[in-house]
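Everything below concerns the one structure shown next.
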Amino acid sequence: MQTKRLLLASTALVLFAGAAEAQAGTYISVFGGANFFQDQSERSSVIINAPPPQTTTTLSIDTDAETGFVLGGAIGYDFGSWLKGLRLEVEAAYRRNDAQGAWSASDGAEGGIFTGTLDANISNFSVLGNLWYDVSLGA
């Protein structure tokens, strides 16, 4: 239910933000919202041939990411005086999600199984160059 509310609020924010009429020239924008990170499940195996006997070691990791946040801003230029609707901008953003999970490793040679829990933060900083073309809907 909380995810549906976040999606609805984000959609409304985007629609209302797009309704403002842009002016030609330099502009600054800021944004924030929910960040969704997909749960991960990884499994890898390594076969070791030497020294005999052949053994297989397997590592499994499962993570459950929580809904996080994104904060960012952009500075750009609207070419409205030359080319109506064309904008060029540089955007910087920071994203963060918390994740919990479990890992396990099995050692084929010893037959042992090792397990543990994960408690991590997944974060990302990005810088993008954007070229936008605004389409007028005649409203």
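Using this note's numbering, you'd call the opening residue of the sequence shown number 7 and step up by one each time.
Ideal placement from N, C-alpha and C gives every residue a C-beta, glycine not left out.
This one's a predicted model, so the numbers in the text were calculated from it and none came from an experiment.
Cβ separation of residue i and residue j, assumed to be a contact under 8 Å, to the nearest whole Å
i    : j   : result
N136 : E95 : 5 Å
T64  : S51 : 5 Å
A30  : D84 : 5 Å
C-beta atoms of residue i and residue j nearer than 8 Å
i    : j    : result
Y33  : G82  : yes
A108 : L134 : no
G78  : A99  : yes
R101 : G122 : no
S66  : S132 : no
Extent of the continuous beta strand (DSSP E) to which residue i belongs
i    : result
A80  : 74-84
F120 : 118-139
S110 : 92-113
Cβ-based neighbour list, residue i, same chain, cut-off 8 Å, excluding 5 preceding and 5 following
i   : result
Q44 : A71
Cutoff 6 Å; reference residue i; Cβ partners in own chain excluding five residues on either side
i    : result
A105 : T69, A71, A126, I128
Residue i burial status per 10 Å Cβ neighbour count (16 or more: buried)
i   : result
R49 : exposed
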